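The opening position of the sequence shown corresponds to residue -11 in our numbering, with each subsequent residue numbered one higher. Each remark here refers to the structure printed beneath this line.
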Amino acid sequence: MTDWLGLGPDEWSAVNLSLRIAFWATLASLPFGILVALVLARGRFPGRILLDGLVHLPLIMPPVVTGYLLLLSFGAKGPAGAFFEDYLGITFSFRWTGAALACAVMGFP
C-alpha cells in the first residue's frame, strides 16, 4: 500500500527527517551568517582578515575533517557536547541534531 505520490511510510519518514534537518540548520546558521556578513562588510577592525578566514574554513577543509572536528567538539565527551547534554539535554552524536549542526556549519559561509 502506498501513500500520496506513491511514497510509503519509510519514504515519508526520510522526507520528514530531511525537512526537519534543513529547517533547523537554516534557523541555526542564518542569524550568525547575517551578523558576520554585516560585521565583515561594514566593519574595519584588527583581525578582520582572520575572521574572514575562519568563516571560509568549512569551504576549504574536506568534509571528513570538518565532521571529525565537529564530533570531537560536540561529541558526548567534547567540551561543547558535554555542556549541551548536561545543561540543555541536547545530544549531537549520531542523531538528527548532529546532522542539523553539520549542515549549519557547512552551509554557514
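For glycine and all other residues, C-beta sits at the position ideal for the given N, C-alpha and C. Values in this document were obtained by computation on a predicted structure and should not be read as measured data.
Applying the 10 Å Cβ sphere with the 16-neighbour rule, what's the burial state of residue i?
{"i": "GLY69", "result": "buried"}
{"i": "ALA90", "result": "buried"}
{"i": "ALA64", "result": "exposed"}
{"i": "ALA13", "result": "buried"}
{"i": "LEU18", "result": "exposed"}
{"i": "ALA25", "result": "exposed"}
{"i": "LEU58", "result": "buried"}
At what residues does the alpha helix (DSSP H) containing residue i begin and finish?
{"i": "THR79", "result": "From DSSP, THR79 is part of no alpha helix (DSSP H); its letter is neither H nor E."}
{"i": "LEU26", "result": "-3 to 30"}
{"i": "ALA68", "result": "67 to 71"}
{"i": "PRO46", "result": "36 to 48"}
{"i": "GLY55", "result": "51 to 62"}
Checking 8 Å against the spacing of the C-beta atoms, do residue i and residue j come in under that value?
{"i": "LEU23", "j": "PRO97", "result": "no"}
{"i": "ALA88", "j": "ALA16", "result": "yes"}
{"i": "PRO51", "j": "MET94", "result": "yes"}
{"i": "PHE71", "j": "PHE80", "result": "no"}
{"i": "LEU(-5)", "j": "TRP84", "result": "no"}
{"i": "PHE62", "j": "GLY31", "result": "no"}
Any Cβ of chain B within less than 8 Å of the Cβ of residue i?
{"i": "GLY31", "result": "Of the chains in the structure shown, none is chain B; there is only one protein chain."}
On a Cα-Cα basis, can you pick out the residue from the options that is closest to residue i?
{"i": "GLY41", "options": "ARG32, LEU28, VAL53", "result": "LEU28"}
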